[in-house]
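Read in this note's numbering, the sequence shown has 125 at position 124, and its numbers run on one by one without any break.
Following: one structure in structure tokens, then a few remarks.
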Amino acid sequence: MRPLIGITSDYSNDTNTINLNSDYYWAIYRAGGHPVVIPYTDSNDIHHLISILDGIMFTGGNDIDPGYYGELPHPKLGRINPIRDEFELKFCRLALENDKPVLGICRGAQLMNVVMGGTLYQDLEDQLKSGTLIKHIQSAPVWYATHEVKLEAGSRINRIMGHDNIRVNSFHHQAVKDLAGTFRATGWSSDGVIEVIESDNHTFALGVQWHPERMFTRDQTMLLLFKAFVEACGTGRRSV
Ligand SMILES: [Mn+2]
């Protein structure tokens with residue numbers, strides 16, 4: 002039986018719609034999971050939701066309210082979605098506390114770090130004065146890799162991808178700044194921006210700053226990430 006994987010979605014107050022790019026859905030399905038789209042949910046129901054899922058993928062989206070990591074809004078902060086923030090932060094905290102396998106994509110990786118006490122660059126161009134900053138909001142097609150990520154030797158992401166260097170797409174103006182205690186950085190772009198975080202204290206808690214779901218149909222190595230996640234979700238499932 003396919004592990005049941007919850008995928009968080011965006012909620013628009015303006016149009017009263019729940020939105021998810023279907024690439025996320027097909028990536029989990031192709032990797033052997035049974036994807037279910039999770040809209041925002043009343044916090045009283047989150048415990049039950051987590052108990053019936055085998056794993057959760059936190060997807061990309063708007064910026065997280067910097068108040069959650071103790072900062073005021075920087076002028077370059079993008080749109081925020083208070084309803085999504087409140088739900089996902091509780092959902093992610095509870096998932097990690099219960100050692101439910103978690104994969105974070107872009108905003109999802111940032112969310113995992115914030116939930117566990119880390120901080121973000123609210124705007125890389127303004128706040129990371131490295132002098133070597135590369136373009137992290139690519140103009141190239143979504144599936145096209147535009148920058149390299151160096152993966153730490155011996156890390157989970159390195160074992161999954163099977164390479165010390167990979168090429169990824171990039172659609173973010175924010176990134177992890179101070180790491181939460183439970184996470185370590187295991188992938189960086191050439192300008193030092195953290196592109197992968199992972200936990201050694203959880204069955205599977207890993208976040209990537211790029212969008213593998215938009216690459217896997219053209220780059221099979223990107224499917225390895227989803228397969229490793231689904232496999233971890235399957236290991237922990239209760240027999241019925
Ligand atoms: Mn990037």
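Note that CB positions come from ideal geometry on N, CA and C, so glycine has one too.
This structure is a prediction, so every number in the text was calculated from the model and none was measured.
For glutamate 214, the shortest separation between its Cβ and any heavy atom of ligand 1 does not lie below 7 Å. By the rule of a C-beta closer than 5 Å to any heavy atom of ligand 1, the residues picked out are His137, Ser171.
For aspartate 64, there is no enclosing beta strand (DSSP E), as DSSP marks it with neither H nor E. For lysine 151, the secondary structure class from DSSP, reduced to helix, strand or coil, is strand.
For phenylalanine 184, the enclosing beta strand (DSSP E) starts and ends at 184 to 189. Apart from the 5 residues on each side of it in sequence, valine 37 sits with its Cβ closer than 8 Å to the Cβ of Leu5, Ile6, Gly7, Ile8, Leu54 in its chain, given in chain order. Per DSSP, serine 13 lies in no alpha helix (DSSP H) segment; the continuous beta strand (DSSP E) that holds it begins and ends at 11 to 13.
Under the DSSP assignment, serine 23 falls in the alpha helix (DSSP H) whose first and last residues are 23 to 31. DSSP, read as helix, strand or coil, puts valine 115 in helix. The bridge partners DSSP lists for valine 103 are Ile57, Ala206. Sequence-distant Cβ neighbours of serine 156 in its own chain, meaning closer than 6 Å and more than five residues away, are Thr187. The Cβ atoms of valine 231 and glycine 34 sit closer than 8 Å to each other.
Counting along the chain, arginine 168 sits inside the beta strand (DSSP E) bounded by residues 166 to 169. Distance from the Cα of aspartate 192 is smallest, within the candidate group Asp11, Asp66, Ser131, for Ser131.
Shown here, proline 83 sits in a helix according to DSSP, grouped into three states.
The residues Val150, in chain order, have a CB closer than 6 Å to that of isoleucine 167 in the same chain once the five nearest residues on each side in sequence are set aside.
Phenylalanine 184 places its beta carbon 8 Å or farther from that of isoleucine 161. By the beta-carbon neighbour count (other beta carbons within 10 angstroms, threshold 16), methionine 2 is exposed. Taking a 10 Å sphere around the C-beta of proline 213, we find 16 or more other C-beta atoms and assign the residue as buried. Note on aspartate 64: 16 or more other CB atoms within 10 angstroms of its CB, so buried under the neighbour-count rule.
Annotation: the continuous alpha helix (DSSP H) that includes valine 231 extends over 222 to 236.
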